[in-house]
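To start, the structure under review is shown below, and the notes come after it.
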Amino acid sequence: DTAVSQTPKYLVTQMGNDKSIKCEQNLGHDTMYWYKQDSKKFLKIMFSYNNKELIINETVPNRFSPKSPDKAHLNLHINSLELGDSAVYFCASSQGRDRVEAFFGQGTRLTVV
Amino acid sequence: GDSVTQMEGPVTLSEEAFLTINCTYTATGYPSLFWYVQYPGEGLQLLLKATKADDKGSNKGFEATYRKETTSFHLEKGSVQVSDSAVYFCALSSGNTGKLIFGQGTTLQVKP
């Protein structure tokens, strides 16, 4: 039973399109995150939600909009996709926020052509 | 700001060799420290963690000790296997945002 699941696993789309990535966790955690992994495998946080409230927004272009309908779901919508958005996007969750470990999904490889 | 620095890879070892991957950090306060592993095509899995100075995290034969005096959290394993081939990430979490700050990752390749 997958703890943090993302869909789709692969996403290939053209520049200018709008796309969404969905994430669900069944761990009962109250905090969820989106991380971006670039082509050099460097990981950086994008957003964090705690109980549906936005906690972290790390200077991400406003073409990226997270949405948390409930504490078990955190979706990422991207408008007007650009070539530079190509990356692997990871969803993660944690119980609490005070120096705790996060549990990651399998990632969504986004390729913009 | 807080940061994590890992040794550059790739690291190539023969099976049963001893592994060390160096990790140092800069942080205000008292962070928790983690090692995550990413197997090809997969997400990140927590390998081990330590939450305070002198704690030793261990799992699957891997160990790391939280050294406050040297601000380090080096990963070690006494005898690596081909199945340990992966990318290893050192990370810290400080404050109360839950944010993880990652090192750049170290690719380990173990040859039979």
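Going line by line, the protein sequences match chains H and U. The opening residue of the first sequence carries number 1 in the working numbering; numbering runs sequentially from there. The opening residue of the second sequence carries number 1001 in the working numbering; numbering runs sequentially from there. Quick reminder that beta carbons are idealized off the backbone N, C-alpha and C, glycines included.
Where the beta strand (DSSP E) containing residue i begins and where it ends
i        : result
H77(H)   : 73-78
Q37(H)   : 31-37
S65(H)   : 64-70
T1020(U) : 1019-1021
Y10(H)   : 10-13
Proximal chain U residues relative to residue i, where beta-carbon distance stays under 7 Å
i       : result
Q106(H) : E1042, G1043
8 Å Cβ cut-off: residues of chain U touching residue i
i      : result
I55(H) : T1097, G1098
T31(H) : G1098
F64(H) : Under the 8 Å cutoff, chain U gives no residues; its nearest Cβ is about 17 Å from F64(H).
For residue j and residue i, believed in contact at Cβ under 8 Å, the rounded distance
i        : j        : result
C1023(U) : F1062(U) : Going by Cβ atoms, the distance from C1023(U) to F1062(U) rounds to 12 Å, so no, they are not a contact pair.
L110(H)  : S86(H)   : 6 Å
N1059(U) : L1047(U) : 6 Å
I21(H)   : Q6(H)    : 6 Å
Contacts that residue i makes with chain H (C-beta to C-beta distance below 8 Å)
i        : result
F1102(U) : F42, L43, K44
P1031(U) : R99
Proximal residues of chain H, C-beta to C-beta of residue i below 9 Å
i        : result
V1011(U) : Ordered by position in chain H, no residue passes the 9 Å Cβ test against V1011(U), which lies about 14 Å from the chain.
Within chain H, partners of residue i - CB distance below 7 Å
i        : result
V1087(U) : K41
Check whether the region 40-48 of chain H touches the region 1014-1031 of chain U, counting contact only when three or more Cβ pairs, one atom from each stretch, lie closer than 8 Å. no
Would you say the region 24-32 of chain H touches the region 68-77 of chain H, given that touching needs at least three Cβ pairs under 8 Å? Counting Cβ pairs under 8 Å, three or more are found: they touch.
The region 1001-1013 of chain U touching the region 86-96 of chain H, judged by at least three CB pairs closer than 8 Å: no
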